[in-house]
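2 protein chains.
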Amino acid sequence: MTTENLQITLAARPRGLPVDTDWARVTAPVREPDDGEVVVEVIYLSLDPAMRGWMNDIRSYIPPVKLGEVFRAAGVGRVIEGRSPDLSAGDLVYGIVGMQRYATMKASALERLPADAGVSLPDYLGVLGLPGLTAYFGLFDVGAAQPGDTVLVSAASGAVGSVVGQLAKIHGCRAVGSAGGPDKCRHLTEVLGFDAAIDYKSGDSLTRAIGAACRDGVNVYFDNVGGPMLEAALRHLARGARVVICGAIHHYNETSAPRGPAGYLSLLVHRARMEGFVVFDYADRYAEARAKLAGWLAEGRLKSQVTIAEGLENAPQALLRLFSGDKLGKLVVRVADDPAA
Amino acid sequence: MTTENLQITLAARPRGLPVDTDWARVTAPVREPDDGEVVVEVIYLSLDPAMRGWMNDIRSYIPPVKLGEVFRAAGVGRVIEGRSPDLSAGDLVYGIVGMQRYATMKASALERLPADAGVSLPDYLGVLGLPGLTAYFGLFDVGAAQPGDTVLVSAASGAVGSVVGQLAKIHGCRAVGSAGGPDKCRHLTEVLGFDAAIDYKSGDSLTRAIGAACRDGVNVYFDNVGGPMLEAALRHLARGARVVICGAIHHYNETSAPRGPAGYLSLLVHRARMEGFVVFDYADRYAEARAKLAGWLAEGRLKSQVTIAEGLENAPQALLRLFSGDKLGKLVVRVADDPAA
């Protein structure tokens, strides 16, 4: 096999928002597979806010990406050749394939996707992928959402938030989401079935807006952003509320230490808790959650929204759309033609 | 009954540290008891950090004290007359008697103390009172401390913290406490049996000191102070840690909005939670906890430390000792002679 590979590697560690020179585009021959390995042609790559953290030289729940290394990314693709009895050419697979056109990797690190499940490939990176699983375990396990609860979620038009709100509705909760701009807010209430939406870009007081949308207080606040939205949500906790710390995109490009939530003593007044989690800890229950998510998706009770950016070479620019908010739902990069699309 | 009463009322709402003119000393005849009421001669009053919050015009978990009102305070005393079949003259009682020499109040709002339980009266305000109960439920229920855990507690030489550390040891945990100055730190390790003490006034880095004392990370951080200590503790959480928010004395006299804990995302990295609580929610389990605390006290496994300030009229000044740290263990005011002392 002599096909040329295109790889996106980390060239420099950014301060603040990443710039194009923080990345390098490298061409190299596709590495031949060893025993037990296969070559995957990548079709879609997932772009996730957590990637910004992996660019820093700080160990979080997983190590940072090293300088010069192909950037870590989840993706779906097709096996094109291999030396493993477990996967055959043509198999569709999911795995941490990295930002590259072809990934030569162990078959055991890949998950074979069902051939005709009626699921579009990007959904394996969104509703049925880590964002959907994150929403599921964060809302039900960490947030312990109960029917009748008011669930507030930030970045509600994003990959995780949009699923959180819809799962809340399926579970019999009231769902309130925050998003940037009237179009996204309309999407929440008119397409995804949220009970109310808060436009954080409107210039209105977030505290007043949350108070108006959550008159009995917030039972579960699912936080993807941190910053002023977390601060405002803490002012409206119901007794015994659960604040689920899933992410903090507001802070990821900050160059100085973040301000913490000054209202944290609200946890005491309202006997509430704030809890962080990492979806990887739930790996032994992914199958259970995926089966439920897939069922709701098939029934039409869970809607998928995907924004597709074109071309591997544009992945670094596309990543910035997570921070500008210029996308809806799950953001993926199309690297090769989708056989089903 | 014509005895004159001395009462301490709230005269003004302080900004920052209270000053003497925020209080008034009022004399008035002792009110005659109605049916169902008794007159209590107060012997000891409890001084608690939460009192500072009650001076602000902000509803927290209980309403603030009104201007002109006798200041709310728990105390122990002796019934001197009454019109209730439930209490007789000479009975020792506990209740929210207020900052005054004589409290005329409903017998049903008082708890009769056992006559010869071998417990000193101030202990009903400390180890066996709300501070001890707060330590018990905060450590075991909210903090879910397990044998083998490292338990870090701030204000560890205080009424609550000193019990938290001792209960941690009784439960088979490693106990580390922070306190101000070498004498208090020695008290923790040499008298109360803590495994290590951190002197927050030493000028050393709190973060380094916690790291050195808690090499495997902190499983339970019981926080009474907030501020830099909370910030530093968040940097050393073990996987799945519990941060118990009991109080925040660092912030109680602040005149501007507090800085929140910038390191709160450590909750995500370490799958940890931060949870607030109010001891009053455990009222139906006080008897269970008191029986255990009294047992450990009788066995000598739990040591009581009380600082006594003399004279009701000095209560406002004595309250400031909670913020300057000029006391050890539980701070009480002696209002009348203790029959047992």
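Listed in order, the protein sequences are those of chains A and B.
Take 0 as the starting number for the first sequence in numbering that gives the first Met the number 0 and just add one per residue.
Take 0 as the starting number for the second sequence in numbering that gives the first Met the number 0 and just add one per residue.
Where is the CB? At the ideal position from N, CA and C, for every residue including glycine.
**Prompt:** Between the segment 133-153 of chain A and the segment 323-334 of chain A, do three or more beta carbon pairs fall short of 8 Å?
**Reply:** no
TODO: Assign residue 285 of chain B to one of three DSSP states: helix, strand, or coil.
DONE: Stepping through the second sequence from its first residue, residue 285 of chain B is reached at position 286. Of the three classes helix, strand and coil, the one that applies to residue 285 of chain B here is helix, per DSSP.
Can you name the start and end residues of the alpha helix (DSSP H) that residue 135 of chain A belongs to? In the first sequence, counting from the first residue as 1, residue 135 of chain A sits at position 136. Segment 129-136, the alpha helix (DSSP H) holding residue 135 of chain A.
Identify the contact partners of residue 227 of chain B in chain A, using a Cβ-Cβ distance below 9 Å as the criterion. Translated into the one-based positions of the second sequence, residue 227 of chain B becomes position 228. By Cβ distance, chain A contributes nothing, its closest Cβ being about 12 Å from residue 227 of chain B, past 9 Å.
Nearest to residue 194 of chain B (by Cα), restricted to the options B/229, B/216, B/167: Translated into positions along the second sequence, residue 194 of chain B becomes position 195. The shortest C-alpha separation from residue 194 of chain B is found at B/167.
message: Only counting the same chain, and skipping five residues up and downstream in sequence, which positions put a Cβ closer than 7 Å to that of residue 250 of chain A?
response: The sequence position of residue 250 of chain A within the first sequence is 251, counting from 1. Cβ within range, chain order: 225, 226, 257.
Any beta carbon of chain A sitting closer than 8 Å to that of residue 81 of chain B? Stepping through the second sequence from its first residue, residue 81 of chain B is reached at position 82. So, not an interface residue.
Quiz prompt | Residue-level contact to chain B via CB, residue 204 of chain A, 8 Å cutoff | solution = As a working mapping, residue 204 of chain A is identified with position 205 in the first sequence. So no, residue 204 of chain A is outside the interface.
Range covered by the beta strand (DSSP E) that runs through residue 234 of chain B: In the second sequence, residue 234 of chain B corresponds to position 235, counting from 1. Residue 234 of chain B -> no beta strand (DSSP E), and no H or E assigned at all.
Closest to residue 52 of chain A by C-alpha separation, out of A/62, A/44, A/45, would be which residue? Counting from 1 along the first sequence, the entry for residue 52 of chain A is found at position 53. Answer by Cα proximity: A/62.
Outcome for residue 313 of chain A when other beta-carbon atoms lying within 10 angstroms are tallied against a minimum of 16
Counting from 1 along the first sequence, the entry for residue 313 of chain A is found at position 314. The residue is exposed, with fewer than 16 neighbouring Cβ atoms inside 10 Å.
Are there 16 or more other CB atoms within 10 angstroms of the CB of residue 177 of chain B, so buried, or fewer, so exposed?
One-based indexing of the second sequence puts residue 177 of chain B at position 178. Flag for residue 177 of chain B reads buried.
*asked:* Alpha carbons only, please: which of A/56, A/4, A/276 is nearest the one belonging to residue 136 of chain A?
replied: Here residue 136 of chain A refers to the residue found at position 137 of the first sequence. Closest by alpha carbon: A/276.
Next item on the list: Give the interface partners of residue 138 of chain A over in chain B, defined as CB-CB distance under 8 Å, in chain order.
Entry: Along the first sequence, one-based indexing puts residue 138 of chain A at 139. By Cβ distance, chain B contributes nothing, its closest Cβ being about 16 Å from residue 138 of chain A, past 8 Å.
Which residues in the same chain have their Cβ closer than 6 Å to the Cβ of residue 184 of chain A, if we skip the five residues on either side of it in sequence? For this step, residue 184 of chain A is matched to residue 185 along the first sequence. For residue 184 of chain A, where only same-chain residues beyond five positions count, the Cβ hits under 6 Å are 178, 196, 198.
Next item on the list: List the DSSP bridge partners of residue 329 of chain A.
Entry: For the purposes of this step, residue 329 of chain A is taken as the residue at position 330 of the first sequence. In the DSSP output, where bridge partners are listed per residue, residue 329 of chain A has A/305.
* Please name the residue or residues paired with residue 2 of chain B in a DSSP beta bridge. => For the purposes of this step, residue 2 of chain B is identified with residue 3 of the second sequence, where counting begins at 1. According to DSSP, which records beta bridges pairwise, residue 2 of chain B is partnered with nothing at all.
> Given that a residue counts as buried once 16 or more other Cβ atoms are within 10 Å of its Cβ, and exposed if not, what is residue 90 of chain A?
Replying inline: In the first sequence, residue 90 of chain A corresponds to position 91, counting from 1. Burial call: buried.
| task | May I ask you to list, following chain order, the residues of the segment 229-261 of chain A that have a beta carbon less than 8 Å from some beta carbon of chain B? | result | 230, 244, 245, 246, 247, 250, 256, 257, 258, 259, 260, 261
DSSP three-state label for residue 95 of chain B, please. In the second sequence, the residue the question calls residue 95 of chain B occupies position 96. Looking at residue 95 of chain B - three-state DSSP - the assignment turns out to be coil, as it is neither helix nor strand.
*Following the continuous beta strand (DSSP E) through residue 222 of chain A, name the residue where it begins and the one where it ends.*
Locating residue 222 of chain A in the first sequence gives position 223, counting from the first residue. 217-222 is the span of the beta strand (DSSP E), which, as asked, contains residue 222 of chain A.
**Prompt:** Of all the CB atoms in chain B, is at least one closer than 8 Å to the CB of residue 210 of chain A?
**Reply:** The sequence position of residue 210 of chain A within the first sequence is 211, counting from 1. The beta carbon of residue 210 of chain A sits no closer than 8 Å to any beta carbon of chain B.
Quiz prompt | Ranges of the beta strand (DSSP E) found wholly within the segment 125-185 of chain B, counting only runs of at least 3 | solution = 149-152, 173-178
Practice item. Kindly list, in the order they appear in chain B, the residues whose Cβ is closer than 8 Å to that of residue 220 of chain A. Key: The residue given as residue 220 of chain A occupies position 221 in the first sequence. Near residue 220 of chain A there are no residues of chain B at all, since even the closest Cβ is about 13 Å away, more than 8 Å.
| For residue 15 of chain A, which option in A/69, A/322, A/336 has the closest C-alpha, if you only look at C-alpha atoms? | Residue numbering aside, residue 15 of chain A sits at position 16 when the first sequence is read from its first letter. It is A/322.
Under the assumption that residue 289 of chain A contacts residue 112 of chain A (Cβ atoms under 8 Å), give the Cβ distance between them as a whole number of angstroms.
Residue 289 of chain A sits at position 290 when you count from the first residue of the first sequence. Residue 112 of chain A sits at position 113 when you count from the first residue of the first sequence. With 8 Å as the limit, residue 289 of chain A and residue 112 of chain A do not qualify as a contact, their Cβ atoms being about 11 Å apart.
Requested in this report: Can you give me the start and stop residues for the alpha helix (DSSP H) that residue 45 of chain B sits inside?
Outcome: Position 46 of the second sequence holds residue 45 of chain B. Unbroken run through residue 45 of chain B is the beta strand (DSSP E), 36-45; no alpha helix (DSSP H).
| message | When you compare the CB of residue 148 of chain A with every CB in chain B, is at least one pair closer than 8 Å? | response | Locating residue 148 of chain A in the first sequence gives position 149, counting from the first residue. Chain B contact via Cβ: absent.
task: Could you say which of A/42, A/81, A/13 lies nearest to residue 36 of chain A if we only look at CA atoms?
output: As a working mapping, residue 36 of chain A is identified with position 37 in the first sequence. Considering only alpha carbons, the answer is A/81.
Applying a beta-carbon distance threshold of less than 8 Å, which residues of chain B neighbour residue 273 of chain A? Mapped onto the first sequence, residue 273 of chain A falls at position 274. The answer, in chain order, is 263, 266, 272, 273, 274.
Review point. Counting pairs of beta carbons, one from the segment 263-276 of chain B and one from the segment 21-36 of chain B, are three or more of them closer than 8 Å?
Key: Three or more beta-carbon pairs separated by less than 8 Å are not found between the segment 263-276 of chain B and the segment 21-36 of chain B, which leaves the two stretches without contact.
With three or more beta-carbon pairs closer than 8 Å as the criterion, would you say the segment 90-100 of chain B touches the segment 235-248 of chain B?
no
| Hey, does residue 215 of chain B have any beta-carbon neighbour from chain A nearer than 8 Å? | Looking up residue 215 of chain B in the second sequence gives position 216. It does not: the Cβ of residue 215 of chain B has no partner Cβ on chain A nearer than 8 Å.
- request: From the DSSP output, in three-state form, read off residue 89 of chain A for me.
  value: Walking along the first sequence from the start, residue 89 of chain A turns up at place 90. The three-state secondary structure of residue 89 of chain A, taken from DSSP, is coil.
Open item on the list: Counting C-beta neighbours from all protein chains within 10 Å, is the total for residue 156 of chain A 16 or more, i.e. buried, or is it exposed?
Closed with: For the purposes of this step, residue 156 of chain A is taken as the residue at position 157 of the first sequence. Flag for residue 156 of chain A reads buried.
>> Using beta carbons (cut-off 8 Å, strictly below), is residue 60 of chain A in contact with chain B?
In response: Here residue 60 of chain A is taken as the residue at index 61 of the first sequence, counted from 1. Yes, contact with chain B.
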